[in-house]
Amino acid sequence: MSTRELYVQDPGDSRWTVPATGAARFTWEAMYPGEKNGSGRDRLLALYQKGKDKQWDAATRIDWDLEVDPKDPLGTPDESLSLYGTPHWDRMTERDRGDLRQHYAAWQFSQFLHGEQGAMVCAARIVESVPDLDAKFYSATQTMDEARHAEIYARFLKDKIGMLYPVNDSLKALLDDTLADSRWDMPYLGMQVLIEGLALAAFGMIRDTTTRPLPKRILAYVMQDEARHVAFGRMALRDHCRQLTDVELREREEFVIEGCYLMRDRLRGTEVLENFGIPPAEAAEFTERSEFLRLFRKLLFSRIVPCVKDIGLWGPRLQRAYLDLGVFDLGDANLDLLMAQDEELAEQLDAERFAAEESARTAEVADAIARGAAGD
Numbered sequence: 006m007s008t009r010e011l012y013v014q015d016p017g018d019s020r021w022t023v024p025a026t027g028a029a030r031f032t033w034e035a036m037y038p039g040e041k042n043g044s045g046r047d048r049l050l051a052l053y054q055k056g057k058d059k060q061w062d063a064a065t066r067i068d069w070d071l072e073v074d075p076k077d078p079l080g081t082p083d084e085s086l087s088l089y090g091t092p093h094w095d096r097m098t099e100r101d102r103g104d105l106r107q108h109y110a111a112w113q114f115s116q117f118l119h120g121e122q123g124a125m126v127c128a129a130r131i132v133e134s135v136p137d138l139d140a141k142f143y144s145a146t147q148t149m150d151e152a153r154h155a156e157i158y159a160r161f162l163k164d165k166i167g168m169l170y171p172v173n174d175s176l177k178a179l180l181d182d183t184l185a186d187s188r189w190d191m192p193y194l195g196m197q198v199l200i201e202g203l204a205l206a207a208f209g210m211i212r213d214t215t216t217r218p219l220p221k222r223i224l225a226y227v228m229q230d231e232a233r234h235v236a237f238g239r240m241a242l243r244d245h246c247r248q249l250t251d252v253e254l255r256e257r258e259e260f261v262i263e264g265c266y267l268m269r270d271r272l273r274g275t276e277v278l279e280n281f282g283i284p285p286a287e288a289a290e291f292t293e294r295s296e297f298l299r300l301f302r303k304l305l306f307s308r309i310v311p312c313v314k315d316i317g318l319w320g321p322r323l324q325r326a327y328l329d330l331g332v333f334d335l336g337d338a339n340l341d342l343l344m345a346q347d348e349e350l351a352e353q354l355d356a357e358r359f360a361a362e363e364s365a366r367t368a369e370v371a372d373a374i375a376r377g378a379a380g381d
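Mapping of the sequence shown onto the numbering used here: position 271 corresponds to residue 276, and the numbering continues sequentially without gaps.
#1: Where does Y193 fall in DSSP's three states?
#2: Pick out the complete beta strand (DSSP E) segments inside the stretch 50-104, 3 residues or longer, and give them in chain order.
#3: Any chance you could list the alpha helix (DSSP H) runs of at least 4 consecutive residues sitting entirely within the stretch 122-165, in chain order?
#4: Once DSSP output is grouped into helix, strand and coil, what is the label at Y12?
#5: Alpha carbon to alpha carbon, how far is A365 from L194? Give it in angstroms, no decimals.
#6: Looking at C-beta atoms only, is the number of pairs between the stretch 19-32 and the stretch 179-187 that lie closer than 8 Å three or more?
#7: Taking the DSSP output, what are the residues bridged to L169?
#8: Would you call R247 buried or exposed, if buried means 16 or more other Cβ atoms sit within 10 Å of its Cβ?
#9: Where does I187 land, buried or exposed, given buried means 16+ other C-beta within 10 angstroms?
#10: When you compare each of G120, F301, L52, V13 to D213 by their alpha carbons, which one comes out closest?
#11: Going by beta carbon distance, what residues of the same chain come within less than 8 Å of A351, once the five residues before and after it are set aside?
#12: For F208, I'd like the list of residues in its chain whose CB is within less than 7 Å of its CB, leaving aside the five on either flank, ordered along the chain.
#13: Which first and last residues belong to the alpha helix (DSSP H) in which P24 is found?
#14: So, helix, strand or coil for D186, using DSSP?
#15: Considering only the beta carbon of each residue, do R239 and I316 sit closer than 7 Å?
#16: Tell me which same chain residues have a C-beta within less than 7 Å of the C-beta of A110, skipping the five on either side of it?
#17: Quick one: what does DSSP say Q248 is sitting in, helix, strand or coil?
#18: What does the alpha-carbon distance come out to for the pair S134 and R243?
#19: Output the distance between the C-alpha atoms of T216 and Y37, rounded to the nearest integer angstrom.
#20: For N339, is the classification buried or exposed, using 16 other Cβ atoms within 10 angstroms of its Cβ as the cut-off for buried?
#21: Secondary structure at V332, three-state DSSP: helix, strand or coil?
#22: Counting only the same chain and skipping the five closest in sequence on each side, list residues whose C-beta sits under 7 Å from that of H93.
#23: Among A152, W189, L52, whose alpha-carbon lies nearest the alpha-carbon of T26?
#24: Alpha carbons only, please: which of R48, L118, L219 is nearest the one belonging to D68?
#25: Under 7 Å, do M125 and A145 count as touching if we go by C-beta distance?
#26: Could you pull the start and end residues of the alpha helix (DSSP H) that P285 belongs to?
#27: Straight-line CA distance for L267 to D104?
#28: Would you check if the distance between the CB atom of K314 and the CB atom of G336 is smaller than 7 Å?
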């Protein structure tokens with residue numbers, strides 16, 4: 006079965022081409038991890054080394070035999086659905102509600118899949134266009150990470166949920182703007198700060214609320230990788246922004262402002278409600294009134310705002326935009342602590358998995374010894 010047959014809405018042409026502009030940059034300044042050359046670039050080389058050390062195989066680290074109920078893939082409270090508590094919800098049968106849960110999870114993870122493919126292309130673009138070799142090294146490891154994430158989400162959608170949704174128009178527009186810009190730092194800003202930041206918040210909220218072991222593990226392991234990616238973007242952009250003129254800083258702040266409003270206003274999952282026969286205006290009203298989604302939209306910026314402030318894009322217009330969005334206070338969040346927690350949770354899940362495997366092996370050995378003693 007082709008993937009196209011699993012889409013609940015026509016995704017259009019199976020290929021999307023974004024015209025590429027800008028230069029491919031080479032450098033003859035050779036360097037390697039552990040080298041002491043006084044260049045001040047040791048942090049990025051250390052991150053590159055960590056990126057190599059932390060590579061993993063989704064086929065073996067994740068237990069794909071774990072069962073997932075397609076009609077309730079995440080086990081999250083129904084209050085998280087924007088249709089909950091409305092007359093439409095009250096008229097639904099339990100079968101209809103199961104279909105709605107399936108569609109919502111399919112929509113969410115489809116956007117994760119499409120975003121990860123965009124991240125893979127952006128990381129490859131950074132390898133091509135960034136002028137420094139250490140950044141090229143790290144971006145090469147990130148390209149592999151993003152390929153793995155796209156693989157994971159595609160497998161979860163196809164094998165466990167059984168349906169996909171096309172890319173959200175607003176996510177597609179942000180990817181288009183990010184990839185089409187000829188300036189080498191824009192893929193950093195669009196992907197590492199905006200799209201990755203939004204994705205991390207969404208991953209984290211589902212990771213911390215799902216009661217299903219498979220999606221929890223998938224999201225925890227993906228977030229462990231993403232913690233490195235955000236650190237990379239912060240390092241590279243913090244150094245770069247110090248060299249920009251006031252005009253160049255304002256241009257990048259405008260890009261961030263437009264991207265944040267685009268995501269807040271459009272990335273709501275109204276496509277799912279429309280697929281259930283709810284008119285667009287009514288669907289938008291339900292998402293606007295949902296307390297859960299209002300909290301979710303604020304949390305979407307929990308990784309972006311402190312990162313933007315940290316790299317030096319904190320002009321008056323940007324601050325006013327964040328006040329208007331109601332997320333200005335997130336600028337003082339401890340991003341390093343959030344990233345450390347993401348890594349620790351993945352390691353904890355691994356420890357639990359290894360302990361369970363060791364216990365099973367011990368039981369097998371004990372059973373074999375007992376059978377041998379009994380003469381079986």
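Glycine included, each C-beta is placed from N, C-alpha and C at the ideal position.
Short version:
#1: Working through the sequence shown from its first residue, we reach residue 193 at position 188. In the three-state reduction of the DSSP assignment, Y193 falls in the helix class.
#2: The qualifying runs do not exist here; there are none.
#3: Within the stretch 122-165, the complete alpha helix (DSSP H) runs of at least 4 residues fall at 138-160.
#4: As a working mapping, residue 12 is identified with position 7 in the sequence shown. Assignment of Y12 by DSSP, reduced to helix, strand and coil, places it in the strand class.
#5: Counted from its first residue, the sequence shown places residue 194 at position 189. Counted from its first residue, the sequence shown places residue 365 at position 360. In a straight line, the C-alpha of L194 is about 46 Å away from that of A365.
#6: Here the stretch 19-32 makes contact with the stretch 179-187; the two share three or more CB pairs at distances below 8 Å.
#7: Within the sequence shown, numbered from 1, the residue matching residue 169 stands at position 164. In the DSSP assignment, L169 forms a beta bridge with Y12.
#8: Translated into positions along the sequence shown, residue 247 becomes position 242. So R247 ends up on the exposed side.
#9: In the sequence shown, the residue the question calls residue 187 occupies position 182. Looking at the sequence itself, residue 187 is Ser, so the reference to Ile does not match. With fewer than 16 Cβ atoms within 10 Å of its Cβ, S187 is classed as exposed.
#10: Working through the sequence shown from its first residue, we reach residue 213 at position 208. For D213, the closest C-alpha among the options G120, F301, L52, V13 is that of F301.
#11: Residue 351 sits at position 346 when you count from the first residue of the sequence shown. So the list reads A225, Y226, M228, Q229, once near-sequence residues are dropped.
#12: What you label residue 208 is simply residue 203 of the sequence shown in a count that begins at 1. If you ignore the 5 residues before and after F208, its C-beta comes within less than 7 Å of the C-beta of L224, V227, M228, all in its own chain and listed in chain order.
#13: The count along the sequence shown starts at 1 and reaches residue 24 at position 19. Counting along the chain, P24 falls outside any alpha helix (DSSP H), and DSSP gives it neither H nor E.
#14: Here residue 186 corresponds to residue number 181 of the sequence shown, with the count starting at 1. Coil, per DSSP.
#15: Within the sequence shown, the letter at position 234 stands for residue 239. Within the sequence shown, the letter at position 311 stands for residue 316. For the pair R239 and I316, the CB atoms are nearer than the 7 Å cut-off.
#16: Taking the sequence shown and counting its residues from 1, the one referred to as residue 110 is at position 105. The residues are P78, L79, I166.
#17: In the sequence shown, residue 248 corresponds to position 243, counting from 1. In this structure, Q248 counts as coil in the three-state DSSP scheme.
#18: Locating residue 134 in the sequence shown gives position 129, where the first residue counts as 1. Locating residue 243 in the sequence shown gives position 238, where the first residue counts as 1. So the two alpha carbons sit approximately 18 Å from each other.
#19: Counted from its first residue, the sequence shown places residue 216 at position 211. Counted from its first residue, the sequence shown places residue 37 at position 32. Those two C-alpha atoms are separated by around 43 Å.
#20: Within the sequence shown, numbered from 1, the residue matching residue 339 stands at position 334. Classification of N339: exposed, given that the 10 Å Cβ count is below 16.
#21: Stepping through the sequence shown from its first residue, residue 332 is reached at position 327. DSSP, read as helix, strand or coil, puts V332 in coil.
#22: On the sequence shown, residue 93 is found 88 positions in, with the first residue counted as 1. The answer, listed in chain order, is I283.
#23: Taking the sequence shown and counting its residues from 1, the one referred to as residue 26 is at position 21. With distances taken between Cα atoms, T26 lies closest to W189.
#24: Position 63 of the sequence shown, counted from the start, is the residue given in the question as residue 68. Comparing Cα positions, the closest option is L219.
#25: As a working note, residue 125 is residue 120 in the sequence shown. As a working note, residue 145 is residue 140 in the sequence shown. No, these two residues do not count as a Cβ contact at 7 Å.
#26: Walking along the sequence shown from the start, residue 285 turns up at place 280. Annotation for P285: the continuous alpha helix (DSSP H) segment containing it runs 285-294.
#27: The count along the sequence shown starts at 1 and reaches residue 267 at position 262. The count along the sequence shown starts at 1 and reaches residue 104 at position 99. Cα to Cα, the separation comes out at about 28 Å.
#28: If you number the sequence shown from 1, residue 314 lands on position 309. If you number the sequence shown from 1, residue 336 lands on position 331. With a cutoff of 7 Å on beta-carbon distance, K314 and G336 are scored as near each other.
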